[in-house]
Every structure is written in structure tokens, then in C-alpha cells.
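Residue 7 is where the sequence shown starts when you use the working numbering, and the numbers rise one by one after that.
Think of the CB as a built atom: it goes at the ideal place given N, C-alpha and C, for glycine as much as any other residue.
Keep in mind it's a predicted model, so treat the numbers as computed, not measured.
The block underneath contains the structure these notes are about, expressed in C-alpha cells.
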Amino acid sequence: MNARRLMIITMATVASVAMADIKPAGLFTDNMVIQRDTQAAVWGWGDAGEKVTVGGSWGKSASTTVDKAGKWQVKLQTPAAGGPFTLTIKGNNTVEINNVLSGDVWLCSGQSNMAWPVSKANNPDEEVAKADYPHIRSFMVGRAAVLEEASDCNGAWVVCASNTVKNFSATAYFTGRELHKDLKVPIGLLTSCWGGTCVEAWTPLAAQTEDPFASESKAASDVRAKGFSLEQAKAQYEQQLKTWEDSVAAAKVQKKRAPRRPRLKTDPRLNQNYPANLYNGMIHPLLPFAIKGAMWYQGERNAKALATAEHYRVQLDRMVRCWRTEWGQDIPFYAVQLPNFKKEQVAPVESDNIWPVIRESFVHVAQNTPSAYTTTTIDIGEAKNIHPKNKQDVGFRLASTILNKTYGRGTPTTPFMKSFAVEGSTVVVSFDYTGSGLMAKGGELKGFAIAGPDKTFVWADAAIAQRDGEDCVEVSAAAIKDPAAVRYAWADNPVGCSLYSTEGFPASPFRTDTWDLTDAQPAPAKAESLGGKSLKQNDRIVFLGDSITAAGVRPGGYVTLTSQAISNAYAGLNIETIGAGKGGHKVPDCQRRLDSDVLQKKPTIVLIYIGINDVWHWTHPRVVARGKKGTTPEDFENGLKDMIGKINAVGARVILCTPTVIGEKTDGSNPDDKMLDQYSDISRKVAKESGSQLLDLRKAFITYLKEHNPENAERGILTGDSVHMNAQGNRLLSTLVLEALSVP
Numbered sequence: 007m008n009a010r011r012l013m014i015i016t017m018a019t020v021a022s023v024a025m026a027d028i029k030p031a032g033l034f035t036d037n038m039v040i041q042r043d044t045q046a047a048v049w050g051w052g053d054a055g056e057k058v059t060v061g062g063s064w065g066k067s068a069s070t071t072v073d074k075a076g077k078w079q080v081k082l083q084t085p086a087a088g089g090p091f092t093l094t095i096k097g098n099n100t101v102e103i104n105n106v107l108s109g110d111v112w113l114c115s116g117q118s119n120m121a122w123p124v125s126k127a128n129n130p131d132e133e134v135a136k137a138d139y140p141h142i143r144s145f146m147v148g149r150a151a152v153l154e155e156a157s158d159c160n161g162a163w164v165v166c167a168s169n170t171v172k173n174f175s176a177t178a179y180f181t182g183r184e185l186h187k188d189l190k191v192p193i194g195l196l197t198s199c200w201g202g203t204c205v206e207a208w209t210p211l212a213a214q215t216e217d218p219f220a221s222e223s224k225a226a227s228d229v230r231a232k233g234f235s236l237e238q239a240k241a242q243y244e245q246q247l248k249t250w251e252d253s254v255a256a257a258k259v260q261k262k263r264a265p266r267r268p269r270l271k272t273d274p275r276l277n278q279n280y281p282a283n284l285y286n287g288m289i290h291p292l293l294p295f296a297i298k299g300a301m302w303y304q305g306e307r308n309a310k311a312l313a314t315a316e317h318y319r320v321q322l323d324r325m326v327r328c329w330r331t332e333w334g335q336d337i338p339f340y341a342v343q344l345p346n347f348k349k350e351q352v353a354p355v356e357s358d359n360i361w362p363v364i365r366e367s368f369v370h371v372a373q374n375t376p377s378a379y380t381t382t383t384i385d386i387g388e389a390k391n392i393h394p395k396n397k398q399d400v401g402f403r404l405a406s407t408i409l410n411k412t413y414g415r416g417t418p419t420t421p422f423m424k425s426f427a428v429e430g431s432t433v434v435v436s437f438d439y440t441g442s443g444l445m446a447k448g449g450e451l452k453g454f455a456i457a458g459p460d461k462t463f464v465w466a467d468a469a470i471a472q473r474d475g476e477d478c479v480e481v482s483a484a485a486i487k488d489p490a491a492v493r494y495a496w497a498d499n500p501v502g503c504s505l506y507s508t509e510g511f512p513a514s515p516f517r518t519d520t521w522d523l524t525d526a527q528p529a530p531a532k533a534e535s536l537g538g539k540s541l542k543q544n545d546r547i548v549f550l551g552d553s554i555t556a557a558g559v560r561p562g563g564y565v566t567l568t569s570q571a572i573s574n575a576y577a578g579l580n581i582e583t584i585g586a587g588k589g590g591h592k593v594p595d596c597q598r599r600l601d602s603d604v605l606q607k608k609p610t611i612v613l614i615y616i617g618i619n620d621v622w623h624w625t626h627p628r629v630v631a632r633g634k635k636g637t638t639p640e641d642f643e644n645g646l647k648d649m650i651g652k653i654n655a656v657g658a659r660v661i662l663c664t665p666t667v668i669g670e671k672t673d674g675s676n677p678d679d680k681m682l683d684q685y686s687d688i689s690r691k692v693a694k695e696s697g698s699q700l701l702d703l704r705k706a707f708i709t710y711l712k713e714h715n716p717e718n719a720e721r722g723i724l725t726g727d728s729v730h731m732n733a734q735g736n737r738l739l740s741t742l743v744l745e746a747l748s749v750p
């Protein structure tokens with residue numbers, strides 16, 4: 007090769023490297039759906055000053071020049087519903103995007119119930135087999151939790167077919183399928199969701215600077231971030247990984263389930279629940295892609311307390327308005343109201359339950375935020391599964407509401423309380439919905455409660471009647487002569503809700519009163535495990551107990567897990583955790599070794615978890631045969647008081663735990679229930695009288711057992727031998743202890 011020819015080739019190569027290829031945003035791929043009949047934004051990157059032309063095979067085009075920052079954007083007139091089309095982008099190079107359909111694009115966002123795939127919904131094999139809908143397309147936005155607004159996202163448009171639909175969001179797919187069947191237009195499902203995430207993460211940070219809950223969450227993460235060390239996290243991860251590998255090998259030999267693989271800790275500010283992180287990484291990159299509207303299935307994460315559930319109405323309204331501002335488009339917004347879940351209703355009104363409050367927040371937004379709507383799923387949840395499998399009805403009802411409100415189809419919608427009037431001792435409730443009337447499913451209206459001015463609710467009689475030619479519900483009770491309020495289905499899991507439209511849509515839970523919701527006592531179980539004062543520099547926490555605590559200091563034990571979490575959360579505070587558990591010990595044993603094992607350690611906090619042996623040694627045959635006895639209730643109470651007094655005298659505070667379970671049964675019961683409850687009541691009494699912090703493990707464990715063993719299989723799920731914690735039990739126990747210590 008001669009020198010001149012070599013020089014020409016070299017110059018051409020250099021020129022081609024210097025001239026960057028034109029690149030469209032990640033949303034523009036083969037098989038995409040573009041919003042029909044609009045000026046749709048198409049954008050990407052290239053060389054500053056480069057001319058870009060975007061053309062559709064339907065005959066429209068638009069041109070622009072790449073700006074100084076290397077970005078370009080055009081508005082392209084899109085055609086009526088149809089296709090397939092080709093989208094061509096020309097700059098220094100040419101990009102062709104094929105098999106493009108023009109239709110309606112819906113943003114589908116939220117947490118795990120929006121992410122829940124078709125493969126895990128009801129009748130998955132049947133649904134997958136019949137999923138031949140080539141005009142339905144899904145784009146799953148890649149997960150990204152970032153501190154700065156991202157410019158692009160990962161993902162690809164996928165055509166709906168039996169070999170692809172199993173990974174589609176079930177809620178999005180079943181909604182989109184109904185829309186497609188009715189409208190006969192292509193449907194694009196732009197799915198951006200992440201399980202276990204809060205509304206704060208999906209909202210721009212600038213809009214939340216004055217929000218108390220977002221500010222508190224951000225501040226806590228910022229504090230933890232100051233003490234975070236990636237090098238330390240990596241070293242800890244390597245140690246955990248080795249322990250895990252040993253545990254896996256041991257589990258394999260013992261033919262037991264292997265423990266979960268540890269994860270490398272990251273900067274707390276990169277957590278998916280850090281305010282705005284998911285907006286930055288998973289919503290902002292979608293702007294300003296043209297969409298028809300948005301669907302939302304979230305709220306579980308924000309249903310942690312009555313106050314957060316009530317505040318959710320403020321946060322959701324804020325998020326909707328922010329999205330609309332950022333999109334520059336008044337998009338309609340459709341939310342799924344949370345379904346029935348947890349323990350079944352017992353009282354006429356479960357005033358300490360949280361989920362009815364967040365359901366009301368959805369209704370509040372639907373009634374006060376323009377073009378925002380919600381649909382009720384109060385009858386298709388599952389008591390022991392936060393991810394109900396019946397996503398088909400969710401999709402059907404959501405689509406029916408969308409068809410009505412956005413497309414004017416006149417399809418059924420959820421009945422919501424519109425107004426009420428007091429007529430003597432009867433309250434008459436009217437409803438707003440699209441339908442031909444109301445009905446009592448099963449023949450009788452249930453789930454209504456009524457109260458007088460004293461705010462004491464009783465079960466009510468309810469019947470469908472008519473006022474001015476419209477169906478309404480008359481509510482009364484013989485004991486209430488001067489009614490002040492009516493509530494319907496006011497519980498986490500209301501039983502037998504039977505008020506429906508004649509088209510089969512259940513009425514939304516409601517209340518006619520405006521009484522303060524946060525006046526109620528906190529819910530039992532975890533909510534009674536009250537968080538104490540925050541940890542501080544050089545705190546020394548001693549865990550005093552029996553063999554459960556002795557085993558808790560082993561790898562994977564609850565003391566070890568708690569210590570690791572504290573170290574990660576407060577790396578710079580030099581907090582020390584000390585295990586002081588001895589097998590077979592009771593309260594008198596702990597009294598005898600209190601000085602040597604606890605007080606001489608100079609603790610600032612002492613967690614007392616004792617009581618199993620105090621009860622068990624009265625009833626366990628082998629123990630009784632050896633002549634041992636349990637602790638009398640009087641000695642148990644006096645012993646706890648004695649220890650707490652001595653601990654407080656050295657300036658340390660006490661967290662007192664109630665006993666947990668013995669002889670664990672799948673419904674939470676066991677042969678020693680009566681005595682355990684008696685001794686737990688003693689612990690509660692001592693905590694109250696001494697001013698100590700109570701951690702009610704007894705209630706928390708039984709609630710967990712009842713909620714997490716839906717098959718009622720004859721096996722324990724928290725203990726390995728009916729007393730000592732297995733891996734799951736240690737994780738739960740650690741979670742409860744961390745909550746009591748106010749460790750975020």
C-alpha cells in the first residue's frame with residue numbers, strides 16, 4: 007500500500023470517529039407504539055450543529071439542528087391508529103425504526119402490584135396460551151435509582167405473544183387488553199415500576215422540600231450516608247459471602263433450604279426509596295414522550311401508619327400535578343385503590359387499621375384532583391398475600407373506568423359516596439357511579455356501621471331504597487337514635503362487602519364523618535413495637551436473654567443481623583452490641599448474672615428478651631421430669647422490676663420484650679398459649695409501670711404467623727425446633743428490634 011493511499015484511509019477513519027452517529031432516545035426502538043393523532047416528540051443526541059430529519063412512512067417529517075449540548079428534538083405529526091410504519095432518523099448516519107404502530111400509549115407505574123407479571127396472575131397457562139395480540143406492545147423501563155435527573159433509560163418494545171406476555175405487567179396487560187378489544191387501536195404499555203417503593207421516590211425532589219415525611223426520610227438517609235464507606239461495605243460483604251457459602255454447603259448436606267445470598271450495601275442516597283430517585287431514573291427519561299394517560303398501582307409502602315396513609319392524599323396529588331407539569335400535558339390519571347388485606351374485620355369499625363385510611367386518600371385525590379380517578383378492588387384481595395393474583399378483574403375495572411372517563415364509552419365505574427342526609431334515626435347515603443342501579447350481592451347488605459355523637463360505632467342495618475328516582479342506601483341501628491356518622495367497609499380486610507352496582511362493580515369504602523383519623527390507637531403487632539429514642543454516639547446495647555439470644559450472636563442470628571444493620575446505618579457513631587444470652591435461663595438466672603453480664607459492660611441500652619423458659623419449665627415433660635420448675639408469675643414480675651430498677655440506676659434505658667412462641671403452630675397457637683399470654687401481660691404491665699419501652703413480640707409473632715402461612719401446612723415458619731428462631735424468625739426478630747431502636 008502506498009503512502010498516499012494510507013494517508014487517505016487514515017484521514018477518512020479519523021473523520022468518521024470525530025463525526026458521532028446520530029442516536030435516538032432509548033424509547034425509540036423497533037416494535038414501538040407512538041401516540042396517534044398528535045405532535046409527538048422524537049429526540050436523541052448527535053454532534054452540535056448536525057442537521058437531523060425525522061420522517062414517518064405515513065408521510066410526515068420534521069427537521070432540526072443538534073444544539074450545543076449535543077441534543078436534538080422535533081415534534082412529528084403522527085397518523086391515525088394503524089401501521090406498521092417505519093420511522094427514519096437522518097443525520098450524519100441513518101437510523102430506521104421498524105414495525106412502528108400508531109395507537110394509544112399508557113404509562114403504567116407504581117410498586118410491586120404493578121410489576122406483578124402475567125406468569126404469577128390467576129390462570130397463567132391459559133392467559134399465556136391465548137395472548138395473541140400483536141397490536142399490544144410493552145416497554146419495561148430498566149430499574150434506575152439515581153440522584154440526578156437521567157436523560158435516557160434502558161428497555162425495548164416487545165410485541166405481545168404467547169412467548170413474551172408472561173413477563174408483562176399483569177395489571178397493565180389486562181387493562182391494555184380490554185382497551186384494545188373495545189377501541190380496536192394499538193396499545194402501548196410504557197411500564198415503569200419498582201416493588202416496595204414509596205410515592206416520595208416517584209416525585210421530583212424540588213416539589214417535596216417542605217414535605218415533612220419526605221424531608222425526614224431524606225435527612226435520615228443523608229445521616230447514614232455520611233458514615234458510609236464503600237470499602238468497608240465491600241469488606242463486610244466479602245465476609246458475609248463466605249459465611250453464606252458455608253451456610254449453603256451445610257444446608258445442602260442437611261437437605262435444608264439455603265439462606266438468601268447477601269447483598270453489597272450501597273450509598274443510602276442511592277436507595278430506591280430516597281426521595282425523587284425513581285423520578286430521576288425512571289420517569290424523567292421518558293419526558294416528553296407522548297402518552298394518552300397514566301395508570302398507577304402503589305400505596306402499600308406508604309400505608310405504614312395512620313399519619314402516612316392520610317398524608318398520602320397530599321403526596322399523590324402533588325405527584326400527579328408534577329408529572330403533568332413536566333410532561334407539558336394534562337394527562338388523565340387512573341389509580342387502583344388498595345384491596346382487602348391482612349386480618350379479617352371483627353369490629354364494626356377497625357379504627358386502628360391503616361389501609362382504609364389510604365383507600366380514602368385515593369378517593370380524595372379522585373374527587374379533588376382534576377382528571378384523576380380511582381377504581382375499587384375491595385373484594386378481590388387476599389388476606390395473607392399482599393400480591394393478590396386476580397389481576398384480571400383489576401384490569402377489567404380499570405379499563406372500564408378509562409373507557410368511560412377518557413373515551414366517553416359510558417362503561418361501568420365504581421360507586422362512590424356522593425352525599426348523605428340524616429332523616430330522623432336513619433342516614434340516607436347517595437352514590438356517584440355509572441350504572442343502572444345498586445344491588446346487595448348475596449341478598450343482604452353487610453359491612454355498614456353507624457355511630458352517635460359519642461363516636462362509638464355499632465353494626466348497622468342497611469337496605470337499598472330510592473330517593474328522587476335513584477338508588478341509595480338507608481342505614482340505621484336500633485341502639486342509635488341520633489346518628490352522627492356512617493362508615494362502610496372500614497377495615498384492612500372488611501368481611502362480606504356486598505354493596506355493588508348492578509353491573510358488578512363494588513362500592514368503595516367510605517365514611518360520612520370528618521373525625522380525626524389519627525386519634526385512633528395504633529394497630530397491634532408491629533405498630534405496638536414502639537420506636538424509642540434515636541441511637542447516639544458510643545451507645546452500648548446489651549441483649550439479655552436465654553438460648554434464643556445466645557444463638558442470636560451466631561452468623562445470621564438476630565443479634566448479629568441487628569448489629570450489622572446498626573453498623574450500616576450509623577457507621578460513624580461507634581455503636582457496640584453485646585450478646586448476653588444463656589441457654590435455659592429464666593428471670594431469676596438473669597437477676598443473678600445481671601451485674602457481671604450486663605452492668606459491668608456499662609450499657610446505655612439493655613434489651614431484655616426473657617420468659618420462654620419461665621413458662622416452658624412448668625410444662626415441658628423432659629424438664630419437669632428432671633425436677634425443674636418454671637418461674638411463678640409473682641417472681642417473674644418482681645424479677646423484671648428488680649432488673650429494670652438496677653439498669654435504670656446506672657443511667658441505661660430498657661427495652662422489655664414479651665415472650666414469643668413455644669411449640670409453634672401454623673395458626674400462631676400452641677399448648678402454652680394461656681401461660682404465655684399471662685406472662686406477656688405481666689411484661690406489658692411492668693413496662694408501663696416502670697416507664698420502659700415495650701417491644702410486644704408476642705403479638706407481632708402471632709400476627710406474622712397468621713398472615714404468612716396461607717396453606718396452613720403442618721410446619722413452623724419462624725422456628726426450627728418449635729422454640730429457637732430459624733433464618734426467617736431471626737430476620738423478623740431483628741426487624742422488630744431495629745424498629746424499637748428507631749434504626750431506619
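Presumed contact (8 angstroms Cβ cut-off) between residue i and residue j, rounded CB distance
i: Leu541; j: Leu747; result: 6 angstroms
i: Pro265; j: Gly563; result: In fact, because the Cβ distance is near 12 angstroms, the residues do not count as touching under 8 angstroms.
i: Thr177; j: Tyr303; result: 5 angstroms
i: Arg183; j: Val165; result: In fact, because the Cβ distance is near 14 angstroms, the residues do not count as touching under 8 angstroms.
i: Leu234; j: Leu33; result: The displayed chain sequence assigns Phe, not Leu, to residue 234. Not a contact, Cβ separation roughly 34 angstroms.
i: Val565; j: Thr555; result: 6 angstroms
i: Ala3; j: Ser367; result: Since the first residue of the chain shown is 7 and the last is 750, residue 3 is not available in this structure.
i: Ala87; j: Ser63; result: So it is not a contact: roughly 15 angstroms between Cβ atoms.
i: Val660; j: Ile653; result: 5 angstroms
Enclosing beta strand (DSSP E) for residue i [first to last residue]
i: Glu155; result: That residue, Glu155, is in no beta strand (DSSP E); it is neither H nor E in DSSP.
i: Ile456; result: 454 to 457
Strand pairing of residue i, partner residues [DSSP]
i: Met445; result: Tyr506
i: Glu480; result: Val434, Ala469
i: Arg143; result: Val165, Gly194
i: Arg517; result: Arg493
i: Tyr615; result: Gly551
i: Tyr379; result: Tyr340
i: Ile653; result: Paired residue(s): none; Ile653 is not in a bridge.
i: Asn128; result: Looking at the DSSP assignment, Asn128 forms no beta bridge with any residue, so it has no partner.
i: Trp51; result: Lys29, Lys77
Outcome for residue i when other beta-carbon atoms lying within 10 angstroms are tallied against a minimum of 16
i: Arg269; result: exposed
i: Gln41; result: buried
i: Leu613; result: buried
i: Ser573; result: buried
i: Glu56; result: buried
i: Glu216; result: exposed
i: Gln260; result: exposed
i: Pro500; result: buried
i: Lys680; result: exposed
i: Leu12; result: Reliability of the predicted coordinates at Leu12 is poor, the pLDDT of 40 falling under 50, and no value is obtained from them.
i: Ala693; result: buried
i: Gly414; result: exposed
i: Gly334; result: exposed
i: Glu206; result: buried
i: Lys262; result: exposed
Segment limits, alpha helix (DSSP H) that includes residue i
i: Val352; result: Counting along the chain, Val352 falls outside any alpha helix (DSSP H), and DSSP gives it neither H nor E.
i: Ile408; result: 397 to 411
i: Gln684; result: 679 to 696
i: Ala150; result: Unbroken run through Ala150: none, as it is neither H nor E.
i: Cys114; result: That residue, Cys114, is in no alpha helix (DSSP H); its beta strand (DSSP E) goes 100 to 116.
i: Leu742; result: 733 to 746
i: Ile708; result: 703 to 713
i: Val369; result: 361 to 374
i: Ile661; result: Ile661 -> not in any alpha helix (DSSP H); beta strand (DSSP E) instead, spanning 659 to 663.
i: Lys187; result: 176 to 189
Closer than 7 angstroms to chain D by CB, residue i
i: Pro123; result: The chain labelled as chain D is not found in the depicted structure, where only one protein chain is given.
**OP:** With a floor of 3 residues, list each beta strand (DSSP E) that falls wholly inside the segment 297 to 356, ordered by position along the chain.
**Re:** Within the segment 297 to 356, the complete beta strand (DSSP E) segments at least 3 residues long are 299 to 303, 339 to 342, listed from N- to C-terminus.
Original post:
Fully enclosed by the segment 224 to 292, which alpha helix (DSSP H) runs are 4 residues long or longer?
Top reply: Those alpha helix (DSSP H) runs which fall completely within the segment 224 to 292 and span 4+ residues are 236 to 260.
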